[in-house]
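Presented below is the structure to which this report refers.
Protein chains: 2
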Amino acid sequence: MTARRTAGQQAQQLARRAEQLKALGHPVRLRIACGLLRHRCQVGRIVAQLGLPQSTISQHLGTLREAGIIVPERRGVCVCYRVTDREIARLLARLAVE
Amino acid sequence: MTARRTAGQQAQQLARRAEQLKALGHPVRLRIACGLLRHRCQVGRIVAQLGLPQSTISQHLGTLREAGIIVPERRGVCVCYRVTDREIARLLARLAVE
DNA sequence: CAATAATATTCAAATATTGTAATATTACAA
DNA sequence: TTGTAATATTACAATATTTGAATATTATTG
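Here the protein sequences come in this chain order: V and G. This note's numbering numbers the first residue of the first sequence as 292 and each following residue consecutively. This note's numbering numbers the first residue of the second sequence as 292 and each following residue consecutively.
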């Protein structure tokens, strides 16, 4: 109904985007996010790929998840993550960080 | 001469991008960066606009500067900042925060 | 050379993030 | 059930970030 966003809504939107950028602002998380850009991937493979402790990877996945950048999908015992925010996906593709 | 980037260079490039995203991943800094997107602006105006202590703003400007996102330009006593990284500028314009 | 205005830097306290070992949960098979 | 593989959560030490007052620097004017 409202044509314009209220100042409060704008601040919230900005805070949300800042949270997402912050989540991507860590080498490991940026690498994970870029890796998930093309194909979804299960946690175990990410752990193997990056060679970091499982708990460390899981925490970073949690950060990206809470920022609304990725989303988990259970496939039996495994959990598959994929990028869910389209705006962020475009952004990552543009950055072209391998 | 090298057709491909080495793994080390890629890691460096990723780390650099992560640093930039991290710099933008703070509400005040994101607001500053978005504000500078269209028009350059001097520090005093930014301070007045955001209503935060001068030292706080100056520190945030320093963070954005070190990340290579903005660049200062002395004009007499004043310092004018503007967005300098084109990739980041496009990214910010896309995010359409505000 | 003052004096002043604009900006940057330093410092310390409060708070947040990071990394990882240990532990818990979850889903499935036997 | 019990066992096991995959993932998440917890706990906590180490480290980093954030803030704002105080102070320093820089450029300009008189």
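Just so you know, even glycine gets a beta-carbon here, dropped at the ideal spot from N, CA and C.
Query	Result
V/Gln333 - partner residues in DSSP beta bridges	V/Cys371
Validate contact between the stretch 314–324 of chain G and the stretch 379–386 of chain V using beta carbons, cut 8 Å, 3 pairs	no
Buried versus exposed call for V/Cys369 [16 or more other C-beta atoms within 10 Å across all chains shown]	exposed
Where G/Arg365 falls: helix, strand or coil (DSSP)	strand
Cβ pair count under 8 Å reaching 3, the stretch 304–314 of chain V against the stretch 336–350 of chain V	no
Alpha carbon of G/Glu357 to alpha carbon of V/Arg366, nearest angstrom	43 Å
Where the stretch 342–354 of chain V meets chain G: residues whose CB sits under 7 Å from a CB there	none
Rounded separation between G/Thr375 and V/Arg295 - CA only	30 Å
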